[in-house]
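Number of protein chains: 2
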Amino acid sequence: MSSATELLAAPTAKVLAVAQQAKLFRGLADPSRLAILEALRLGALSVSEIVAATGLSQPNASNHLRCLSECGLVAGEPRGRFVYYRLTDPRIGELLALVGELLEGTARNVDSCENYRAD
Amino acid sequence: MSSATELLAAPTAKVLAVAQQAKLFRGLADPSRLAILEALRLGALSVSEIVAATGLSQPNASNHLRCLSECGLVAGEPRGRFVYYRLTDPRIGELLALVGELLEGTARNVDSCENYRAD
DNA sequence: TCGACATATCAGCTCCTGATGATATATATC
DNA sequence: GATATATATCATCAGGAGCTGATATGTCGA
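Residue numbers (our numbering), protein chains in the order written: chain G, 1 to 119; chain V, 1001 to 1119.
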């Protein structure tokens, strides 16, 4: 954890908020999960449909869906043998759109960033 | 990297966009970097001022600032022995605000997310 | 009940991430 | 030139993240 002095004291609401924000961003900080969220922007999909739309392996997609569910970004609804996932909030689409706009204006050099290499 | 079939072919603009978005989110996916960005919302600060505002160690703050610079989220301006950092785009503040709103509505359980533990 | 299909979970592996302490480099002042 | 301060870089470490292949579990239809 950060060595921020605030964290040495009892965690303030602000510190907790930052930690939660970091977690949410971490949920988004993976190409596979972003691909899943993009696929879900058009409507609910089953796991198999998500696998087909993203090219992910089935266990990999399932793992990422669990992660996204636990972060509250998606929710699964079992219907027989299928589980249909959907975005929990339309603002998630807004968030992705805003980041797209930011990338056009500022983070042109993200691709050259050595810390986060897209292998 | 993701085994997405699109990536096996020549990367499309879409795939590259997702990879860039993931990188930008990864830049934001750390409490220390978020604390830095929050501090900079009020105006440009030197490295020492950022250290004071966040409680981070100097090398740690410097590393994170380099990361944020390379992602295009902040820019440093040397003035004598000081380097003043600022946000490169006001929409970064909007992004943080939107995530704050999302957290109020959906990701209430982020704190319980086992994949991303704030140690 | 059995077989097929859909989904979730697991073990193991590799690579990445974020921190620290030490230190190098740059700038300003005397 | 020497010293102090500010900042950047490095080596090292511990822990986390993301993937695969195997497999367990649940549902549906015959």
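Glycine included, each C-beta is placed from N, C-alpha and C at the ideal position. Quick caveat, the model's predicted, so the values are computed rather than measured.
- Message: If distances are taken between C-alpha atoms only, which option among Arg1033/V, Pro1078/V and Arg1066/V comes closest to Leu1056/V?
- Response: Here residue 1056/V refers to the residue found at position 56 when the second sequence is read from its first residue. Residue nearest to Leu1056/V within the set Arg1033/V, Pro1078/V and Arg1066/V is Arg1033/V (criterion: CA-CA distance).
- Using a Cβ cut-off of 9 Å, pull out every chain G residue sitting near Glu1049/V, in sequence order please. In the second sequence, the residue the question calls residue 1049/V occupies position 49. The premise fails here: Glu1049/V is roughly 15 Å from chain G at the closest Cβ pair, so nothing lies under 9 Å.
- Query: Relative to the alpha-carbon of Leu96/G, which residue among Val51/G, Glu49/G, Leu37/G and Cys67/G has its alpha-carbon at the smallest distance?
  - Reply: One-based indexing of the first sequence puts residue 96/G at position 96. Of all alpha-carbon atoms in Val51/G, Glu49/G, Leu37/G and Cys67/G, the one lying nearest the alpha-carbon of Leu96/G is that of Leu37/G.
- Hey, how far is the Cα of Asn1060/V from the Cα of Leu16/G? As a working note, residue 1060/V is residue 60 in the second sequence. As a working note, residue 16/G is residue 16 in the first sequence. Those two C-alpha atoms are separated by around 20 Å.
- Message: Taking beta-carbon pairs under 9 Å, can you tell me which members of the region 14–43 of chain G lie near chain V?
- Response: When CB distances to chain V are screened at a threshold of 9 Å, the residues of the region 14–43 of chain G falling below it are Lys14, Val15, Leu16, Ala17, Val18, Ala19, Gln20, Gln21, Ala22, Lys23, Leu24, Phe25, Arg26, Gly27, Leu28, Ala29, Asp30, Pro31, Ser32, Arg33, Leu34, Ala35 and Glu38, in chain order.
- Item | Separation of Cys1067/V from Phe1025/V, as counted between CA atoms | As a working mapping, residue 1025/V is identified with position 25 in the second sequence. As a working mapping, residue 1067/V is identified with position 67 in the second sequence. Rounded to the nearest angstrom, the two C-alpha atoms are 12 Å apart.
- Under 8 Å between C-beta atoms of Arg45/G and Tyr85/G: One-based indexing of the first sequence puts residue 45/G at position 45. One-based indexing of the first sequence puts residue 85/G at position 85. The question names Arg, but residue 45/G is Leu in the sequence shown. In contact: Leu45/G and Tyr85/G (Cβ atoms closer than 8 Å).
- Cβ of Arg1091/V within 8 Å of any chain G Cβ: Here residue 1091/V is taken as the residue at index 91 of the second sequence, counted from 1. Output row for Arg1091/V: interface = yes.
- In the DSSP assignment, what residue or residues form a beta bridge with Leu1087/V? For the purposes of this step, residue 1087/V is taken as the residue at position 87 of the second sequence. Paired residues: Val1074/V.
- Item | Cutoff 8 Å: Gly1080/V Cβ touching any chain G Cβ | Within the second sequence, the letter at position 80 stands for residue 1080/V. By this cut-off, Gly1080/V is not an interface position.
- Query: For Glu1114/V, which three-state DSSP category applies?
  - Reply: Here residue 1114/V refers to the residue found at position 114 when the second sequence is read from its first residue. Unreliable placement is indicated for Glu1114/V, whose pLDDT of 43 sits below 50; the coordinate value is still reported in the next sentence. Three-state result, Glu1114/V: coil.
- Task: Name the two residues that bound the continuous alpha helix (DSSP H) containing Gly1027/V.
- Result: Position 27 of the second sequence, counted from the first residue, corresponds to residue 1027/V. Segment Ala1013 to Leu1028, the alpha helix (DSSP H) holding Gly1027/V.
- Can Val1047/V and Ser1062/V be called in contact, C-beta distance under 8 Å? Counting from one through the second sequence, the residue named residue 1047/V turns up at place 47. Counting from one through the second sequence, the residue named residue 1062/V turns up at place 62. For Val1047/V and Ser1062/V, yes; Cβs fall inside 8 Å.
- With C-beta atoms as the reference, is Leu102/G less than 8 Å away from Arg1081/V? In the first sequence, residue 102/G corresponds to position 102, counting from 1. In the second sequence, residue 1081/V corresponds to position 81, counting from 1. No, they are not a contact pair.
- Under the DSSP definition of a beta bridge, which residues are partnered with Arg1065/V? Sequence index remark: in the second sequence, residue 1065/V carries index 65 (1-based). Strictly speaking, residue 1065/V in this sequence is Leu, with Arg absent from that position. DSSP output for Leu1065/V lists no bridge partner at all.
- Message: So for Arg79/G, helix, strand or coil by DSSP?
- Response: If you number the first sequence from 1, residue 79/G lands on position 79. Of the three classes helix, strand and coil, the one that applies to Arg79/G here is strand, per DSSP.
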